[in-house]
Amino acid sequence: ESTESLENYLDTEYFGTISIGTPPQEFTVIFDTGSSNLWVPSTYCHSLACALHKRFNPEDSSTYQATSKTLSITYGTGSMTGILGYDTVKVAGIEDTNQIFGLSKTEPGLFFLFAPFDGILGLAYPSISASDATPVFDNMWNEGLVSQDLFSVYLSSDEQKGSVVMFGGIDSSYYTGSLNWVPVSHEGYWQITMDSITINGETIACADSCQAVVDTGTSLLAGPTSAISSIQSYIGASENLLGEGTISCSAIDSLPDVVFTINGVQYPLPASAYILQEDDDCISGFEGMNLDTSTGELWILGDVFIRQYFTVFDRANNQVGFAAA
Amino acid sequence: VVHKVPLVKKKSLRKNLIEKGLLQDYLKTHSPNPASKYFPKDAFAS
Chain A
971 ESTESLENYL DTEYFGTISI GTPPQEFTVI FDTGSSNLWV PSTYCHSLAC
1021 ALHKRFNPED SSTYQATSKT LSITYGTGSM TGILGYDTVK VAGIEDTNQI
1071 FGLSKTEPGL FFLFAPFDGI LGLAYPSISA SDATPVFDNM WNEGLVSQDL
1121 FSVYLSSDEQ KGSVVMFGGI DSSYYTGSLN WVPVSHEGYW QITMDSITIN
1171 GETIACADSC QAVVDTGTSL LAGPTSAISS IQSYIGASEN LLGEGTISCS
1221 AIDSLPDVVF TINGVQYPLP ASAYILQEDD DCISGFEGMN LDTSTGELWI
1271 LGDVFIRQYF TVFDRANNQV GFAAA
Chain B
155 VVHKVPLVKK KSLRKNLIEK GLLQDYLKTH SPNPASKYFP KDAFAS
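The listed protein sequences correspond, in order, to chains A and B.
Each residue of the first sequence is one higher than the last, beginning at 971 in the working numbering.
Each residue of the second sequence is one higher than the last, beginning at 155 in the working numbering.
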């Protein structure tokens, strides 16, 4: 029995609103390029966590179609179980009809109780979708609801506004210079090949190239524990009791860029981007992760990276585009 | 035509748990691992 769930969204800060059903029922969701399912809590769920969130009531929707299929998604140490149904999903004015989605029946543990979101809208490839459910963007494209088979993300540092997910196009007002394209190396997550990670010209990780996942559903910049330890040490971050890498805020003015080279192009991340300032405290934007690296090193380019680089997720050509935000 | 969904920045779950004094208890029994979101290693074969 799981006791906690959804631990990967512990630090997530960016949320959008969608609606499901007729008349529409609104939900706050994470637009997550690191997963592929859409799910929201439902009135079938009697977990305490569900009671404190908005719940989809299929009986209140005239367009809902039930199925007998079940859904189970494991996130970290816990899981969500539920059933699959079809209904109209409205996203950014797009009316996505016959969209399959998960209605959660159980969300175990206390963890989700305090989550600032109701559900998750996955934007990765269908190959990693649980129960083979068609992802929202695939359905949009299949129904001819978007003019281009791509979407893009701009994340603002502004506390209140400016961040946006754009479906079906690219708005050049969100970036400077030109977009640099990187082929997707494996069509599951938005996975690409990274050449190296350097500080002051010295390679500190990913020496012989490595894989990286571009994930709006991960807040920080995650990499192998040993490599992250080296970076934390280099920038003077030390772990506190809450597992965060605390660092002096004054270091923002003196620390060097961490440079990610991808497909031959350098993407510098300045200290002002990888040191996260809240009130008088500062923490490192890097975090370690334990993963079997027998197939090679893996990095997660989360919101810390995406805030600096406007990102295009191009399904038509299976490539990711980056430009300075 | 570009369809835009505005995103709002809200207090994270971690901050909510810190404010309620629950994060340390959680961390006593769990070690959050960002890798656990992702499927087994064969998903990363390039």
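Idealized CB from N, CA, C, for every residue including glycine.
Just so you know, these numbers come straight off a predicted model, no measurement behind them.
- request: For Asp1273(A), count neighbouring C-beta atoms within 10 Å of its own C-beta (all shown protein chains included) and say buried if the count is 16 or more, exposed if not.
  value: buried
query: What does DSSP give as the partner residues of Thr1146(A) in its beta bridges?
result: Ala1294(A)
- prompt: Ordered along the chain, which non-local residues of its own chain (more than five positions away) have a Cβ less than 6 Å from that of Ala1197(A)?
  reply: Ala1175
query: Got a sec? Which residues, its chain only, sit under 7 Å from Ser1242(A) by beta carbon, not counting five neighbours each side?
result: Ile1222
- prompt: What distance in whole Å lies between the Cβ atoms of Ala1295(A) and Tyr1144(A), which are believed to be in contact at a cut-off of 8 Å?
  reply: 7 Å
- request: Could you name the residues of chain B that Ala1085(A) contacts, counting a contact when the two beta carbons are closer than 7 Å?
  value: Leu167
query: Within the chosen definition, does the stretch 1087–1099 of chain A reach the stretch 1206–1216 of chain A through at least 3 CB pairs nearer than 8 Å?
result: no
Contact check, Thr992(A) vs Thr1037(A), beta carbons under 7 Å: no
query: If you run the structure through DSSP and keep just helix, strand and coil, what is Phe1283(A)?
result: strand
query: So, helix, strand or coil for Val1154(A), using DSSP?
result: strand
query: Once you ignore the five residues that flank Ser1126(A) on each side, which residues in its own chain have a CB closer than 7 Å to its CB?
result: Gly1132 and Ser1133
Rounded C-alpha distance that separates Trp1009(A) from Ser1166(A): 36 Å
task: Taking the CB atoms as reference points, tell me whether Glu983(A) and Lys163(B) lie closer together than 7 Å.
output: yes
query: Tell me which same chain residues have a C-beta within less than 8 Å of the C-beta of Asn1288(A), skipping the five on either side of it?
result: Pro1153, Val1154 and Glu1157
- prompt: For Leu1225(A), which residues of its own chain have a beta-carbon under 6 Å away from its beta-carbon, when the five flanking residues on both sides are left out?
  reply: Ile1205 and Ala1241
task: Kindly indicate if chain A contains any beta-carbon less than 7 Å away from that of Val159(B).
output: yes
message: Is it buried or exposed, Asp1057(A), if we count other Cβ atoms within 10 angstroms and call 16 or more buried?
response: buried
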